[in-house]
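Here the protein sequences line up with chains A and B, keeping their order.
Note that our numbering has the first sequence beginning at 1, numbered continuously upward.
Note that our numbering has the second sequence beginning at 1001, numbered continuously upward.
Just so you know, even glycine gets a beta-carbon here, dropped at the ideal spot from N, CA and C.
2 protein chains.
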Amino acid sequence: MQNPHKYSAIDQSPLWPELSASKPEKLREVLNAQRIHERILPAGGGLSYSWAAMDLADRTVELLQAAADELRLIDQYRQVLSGQVMNRGEKRMVLHHALRGSPAGRVVVDGVDYSAFYASELARLSAFADKIRNGELRTSGGKTFTDVVQIGIGGSDLGPRALYLAVEQQARSAGLLKLQAHFISNVDPDDANAVLAGIDAERTLFILVSKSGTTQETLANEALVRSYLQQKTGLDAAKQLVAVTSQTSPLANNPSYLDSFYIDDYIGGRYSATSAVGGLVLSVALGPETFQAILDGAAEADELALNTDILKNAALLDALLGVVQRNIFMRPSTAVLPYTQALSRFPAHLQQLDMESNGKQIRRDDQPCAIASGPVVFGEPGTNGQHSFFQLLHQGTDIIPLQFIGFRENQTENDPPFEGSTARRKLNANLTAQIVAFALGKDDADPNKQFAGGRPSTLLIGDRLDGRALGALLAHYENKVMFQGFVWNLNSFDQEGVQLGKKLTQKVLAETGPGDEVLEAYGWLTGAL
Amino acid sequence: MQNPHKYSAIDQSPLWPELSASKPEKLREVLNAQRIHERILPAGGGLSYSWAAMDLADRTVELLQAAADELRLIDQYRQVLSGQVMNRGEKRMVLHHALRGSPAGRVVVDGVDYSAFYASELARLSAFADKIRNGELRTSGGKTFTDVVQIGIGGSDLGPRALYLAVEQQARSAGLLKLQAHFISNVDPDDANAVLAGIDAERTLFILVSKSGTTQETLANEALVRSYLQQKTGLDAAKQLVAVTSQTSPLANNPSYLDSFYIDDYIGGRYSATSAVGGLVLSVALGPETFQAILDGAAEADELALNTDILKNAALLDALLGVVQRNIFMRPSTAVLPYTQALSRFPAHLQQLDMESNGKQIRRDDQPCAIASGPVVFGEPGTNGQHSFFQLLHQGTDIIPLQFIGFRENQTENDPPFEGSTARRKLNANLTAQIVAFALGKDDADPNKQFAGGRPSTLLIGDRLDGRALGALLAHYENKVMFQGFVWNLNSFDQEGVQLGKKLTQKVLAETGPGDEVLEAYGWLTGAL
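Below you can see the structure in the form of structure tokens.
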């Protein structure tokens, strides 16, 4: 396989002049029932990806296929799967697909079987979760655990939190919700204190998550929690704290913790939801079977992502459609709009996944990007958003491409009909109506009531948001972001942009003399100095 | 005063050619301690607004002052305060400032004293809240209320929810948190069912909020909650439900509710947080004194906003700086970054406030905007964001102007020092470091570690996030958005962009025959048909 340094970006392709001259189609002229039936494909986990309301013509799609082939996007994915060092800056492999059983088989590199390592940690955490759930493992006071608190930030928070909320009610309906989960992330002590005020600390399991074991926020929150436990319960914190970390971290094999579960350097923070980082809290709270369903769904999406035909590969197609919106139609932001309250924090997870992966300006060949890279990603659930920022999406001066997500069934039982329809049907009627309103608009003599339409969207739709659908949804976006990184020739797996802030924070905390007047003046203003 | 039709947009001003030719300053060259000490002004409620790290030169600021004068922005604000029909499309006055005591005095129009009406409703809801809190008013089973659930969407949800979370821990520390508040908004029944699963319904007060009394989501959720109460508790729902609505709505004076509190058509949804819409739930949960402090802080910011000198008017200056970023430096989105977990939902409220108010393309003179209007607004609390989308903010291909918010003190007590500093100090050291890292960057021989700097920001900073600071923060942004609407000559107080979706939803629910094949095909796909 070719040296990653030799990859190129889409704008360096001979196809780029024609591709970049593509113009948006007029959705009013082309969107019809036939297109809706044709522009749809499976996305794994029972999900379908509908792209009928994307405003690009068939010729542009042909060029995208040619570009995908020329840039060898699927080859690059296979390199990821086979354990090539695809995170070049940090000299690391990228192995999160192996967490759910890589579609390319076991990952064995230089005699080390990484797949076996991840599987054994999964088995260990599942057994641990079972013991917590069935009461075999109890507090040092002999009580069963009722709550679990994850202490972590970034990838150790957003993904696990989004996934927990996504299937909490589903698991409750299935009788699988045994412990209520909570999350402490911010170094702001008001965050931890608010969570502690809402739980019975004596009956709470705390999961400390930090791959390096040195994350400032997480260690500060651990100290706060330990101090609180000591004062409040007098119990031995070591009997209530478990760690998820790497085997080389100070938290590993440490008697200050009840147990430790391991990941390694090849699981990036924002790609770690399907590792022990997400797996332990989800398994403890909602059952190992819930987490396993997430893994199964993710594996389905990973498998589909191997397809070289972009019309059979939802993640790849989604990635390429996003590039058209960003670099050809010049639309610098995109909204994620799940029509289910359970996905309330999923946009925040995607915001991290996408913006931290591809918010970069230096390519893998060390040259500056000649075209724009990752977009701004934001979103809130519908129908809430309809009463909020949808005004701008409908009638603002800029066009924002939209990513709808929906499900046909509830997670919970109680849904009495009101005024002739269930709430579920109202929800999905709204989803339907919004897609059409954005695409087609409606003319009106009053310019304030004019809707020009032509606002493109995609839709990921499934029957029910269960673990399997959720896993596929998660992996769909992970793979989409990965493919976009390949298209822009970026390293999507490092995050050098967060380093400078860390260094300057240490400088402020160390109060290292007069030095920098700007840092001093702001430090004085914020009270940090 | 002049007819609003005669107002003009900033790009129609004779000042525009010079103003729009302004170039960003190089922050590395101009940012120093003196600038940080000079470019700061009070924003009300003890807050200061620092704009040293905004990249515009003094000459541009002079032109902005001249533009503010020429566009008569303060005159227009005075017209709002005096009860002119500033929401022209809907033919309504805009009276939310009167909710907290307008700085221009009582609003009496055609013999009707609106200020008196709002004050009397405030007195009524405060008395009601006291009775709930002191146990005078009890459930029909004779128990005291422990929880309160607000049922509302959009402005009846985002603002009240953001404000509640913002001062919940502050009120707890002060011994004022008597009832825990929860919010049901989405028509998705899983939202209501999740909230109901977490409370003791028998001891919960439900507040139904809908100005018109016809909001689809809110009525559907009411029906769901009533049905649940009947099945679960067998109690009389009418003894646990209160309404916040207009006097002409079907919910007014209705024996199905324990009581009703009133607003009117002159309080727009997204501007209603300081009305009974936010006031009842906040007063019941956190005490009338907490809500009064919010009103007092808002009144302070409203008063400052009357200043014609843009260097003494933080809301106006913030508005104009935003216009420079949007229309001159061509930066189409902006991030709100509160360094306090208590403001976790404040960005979502601002997203609504800003994008629903100014996400428009038709001016008040019915002509299309010739320049871009409202930006995309998004954000999450720091330090969480640092481990997420800050990568793109630091090193992405686009520059995103940043709005930091910070406080010098905690809301809660427990903050043990760890590794030489409290968590609060770590939090504010991070805030300091980020502002400086974005502005100045840092050169590095490795292009992946290069930070170009030149990423502008503002900072709203106060001592402690209490009710008064929160009220000022809220009103600062309300007034900022209003001023930007004036600058673009938009009606910031209507929301025609949400109407088409509503109509199409009704069409789907009514299943009105073959009609529209696109609506049908999507309705089939989502399961709505």
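Element boundaries [alpha helix (DSSP H), containing residue i]
i, result
"G501 of chain A", "499-510"
"I294 of chain A", "288-304"
"G462 of chain A", "It is not in any alpha helix (DSSP H) - G462 of chain A instead sits in the beta strand (DSSP E) that spans 457-462."
"D1190 of chain B", "1189-1197"
"K487 of chain A", "Contrary to the premise, residue 487 of chain A reads as Val rather than Lys in this sequence. Unbroken alpha helix (DSSP H) run through V487 of chain A: 467-488."
"F1346 of chain B", "1346-1358"
"S1571 of chain B", "Residue 1571 of chain B lies beyond the residue range present for chain B, which begins at 1001 and ends at 1529; the question has no answer from this structure."
"L19 of chain A", "16-20"
"E1517 of chain B", "1517-1526"
"L317 of chain A", "314-323"
Bridge-paired residues (DSSP) for residue i
i, result
"A243 of chain A", "A:L208, A:S260"
"A1433 of chain B", "In the DSSP output, where bridge partners are listed per residue, A1433 of chain B has none listed."
"N87 of chain A", "A:R92"
"F451 of chain A", "A:K442"
"D1113 of chain B", "B:V1108"
"S421 of chain A", "A:F418"
"P368 of chain A", "A:I362"
Proximity winner among the options, relative to residue i (alpha-carbon distances)
i, options, result
"W488 of chain A", "A:N327, A:L460, A:G497, A:L427", "A:N327"
"E478 of chain A", "A:L176, A:E356, A:G46", "A:E356"
"T1422 of chain B", "A:G269, A:S227, A:V149", "A:S227"
"L304 of chain A", "A:K6, A:H97, A:W524", "A:H97"
"F329 of chain A", "A:Q361, A:V277, A:P456", "A:P456"
"G1159 of chain B", "B:R1270, B:Q1361, B:V1323", "B:R1270"
"E217 of chain A", "B:R1138, B:V1149, B:H1387, B:V1148", "B:H1387"
"S13 of chain A", "A:D463, A:G135, A:L63", "A:L63"
"N428 of chain A", "A:A439, A:E90, A:E409, A:G101", "A:E409"
"V1209 of chain B", "B:E1202, B:E1222, B:I1199, B:F1451", "B:E1222"
"I1207 of chain B", "B:A1237, B:D1191, B:Q1231, B:V1187", "B:A1237"
"Q403 of chain A", "A:N313, A:L460, A:G420", "A:L460"
"P189 of chain A", "B:N1384, B:E1520, B:L1392", "B:N1384"
"Y118 of chain A", "A:G154, A:Q230, A:D130, A:V277", "A:V277"
"A301 of chain A", "A:V498, A:E520, A:A472, A:V94", "A:A472"
"D147 of chain A", "A:R72, A:L282, A:A9", "A:L282"
"L1073 of chain B", "B:V1244, B:L1320, B:L1525, B:L1509", "B:L1320"
Opening and closing residue of the beta strand (DSSP E) in which residue i lies
i, result
"Q1395 of chain B", "Looking at the DSSP string, Q1395 of chain B is not in any beta strand (DSSP E); the run it does join, the alpha helix (DSSP H), is 1390-1395."
"H1182 of chain B", "1180-1184"
"L1402 of chain B", "1402-1407"
"A1335 of chain B", "1333-1338"
"V592 of chain A", "Nothing in the structure corresponds to residue 592 of chain A, since chain A is present only between 1 and 529."
"V1376 of chain B", "1376-1378"
Closer than 6 Å: residue i CB and nearest the ligand SAM heavy atom
i, result
"A1174 of chain B", "Of the ligands one can find in the structure shown there are none, so the ligand SAM has no counterpart to examine."
> Along the region 1183-1203 of chain B, what residues have a CB closer than 7 Å to any CB found in chain A?
Replying inline: S1185, N1186, V1187, D1188, P1189, D1190, D1191, N1193, A1194, A1197
> Taking the runs of the alpha helix (DSSP H) that are 4 residues or longer, which of them lie wholly in the region 1120-1183 of chain B?
Replying inline: 1158-1173
> Curious, which full-length beta strand (DSSP E) runs of at least 3 residues does the region 31-81 of chain A contain?
Replying inline: 40-44, 47-50
> Taking Cβ-Cβ distances below 7 Å as the criterion, which residues of the region 1368-1387 of chain B are in contact with chain A?
Replying inline: C1369, A1372, S1373, G1374, V1376, F1378, E1380, P1381, T1383, N1384, Q1386, H1387
>> Can you pull out the residues from the region 5-34 of chain A whose beta carbon lies closer than 8 Å to at least one beta carbon of chain B?
In response: L31, N32, A33
>> Output needed in chain order: residues of the region 70-96 of chain A with a Cβ under 8 Å from some Cβ in chain B.
In response: G89
> Looking at chain B, which residues of the region 413-426 of chain A have a Cβ within less than 8 Å of any of its Cβ atoms?
Replying inline: E413, N414, D415, P416, F418, E419, G420, S421, T422, A423, R424, R425, K426
> Closer than 8 Å, Cβ to any Cβ of chain B: which residues of the region 153-177 of chain A, in chain order?
Replying inline: I153, G154, G155, D157, L158, E168, Q169, R172
> Residues in the region 448-474 of chain A with C-beta within 9 Å of chain B's C-beta atoms, listed in sequence order?
Replying inline: N448, K449, Q450, F451, A452, L459, I461, D463, L465
>> What are the residues in the region 471-499 of chain A lying within 9 Å of chain B by C-beta distance?
In response: N491, D494, Q495, E496, G497, V498, Q499
>> Can you pull out the residues from the region 302-333 of chain A whose beta carbon lies closer than 7 Å to at least one beta carbon of chain B?
In response: P332, S333
> Between the region 119-144 of chain A and chain B, which residues of the former have CB atoms less than 7 Å from a CB of the latter, in chain order?
Replying inline: none
>> Which residues of the region 211-238 of chain A have a Cβ closer than 8 Å to any Cβ of chain B? Give them in chain order.
In response: Q216, E217, L219, A220, N221, A223, L224, S227, Y228
>> By the 9 Å beta-carbon criterion, what residues does the region 1047-1059 of chain B contribute toward chain A?
In response: S1048, S1050, A1052, A1053
>> Using a Cβ-Cβ cutoff of 9 Å, what residues of the region 270-293 of chain A are near chain B? List them in chain order.
In response: R270
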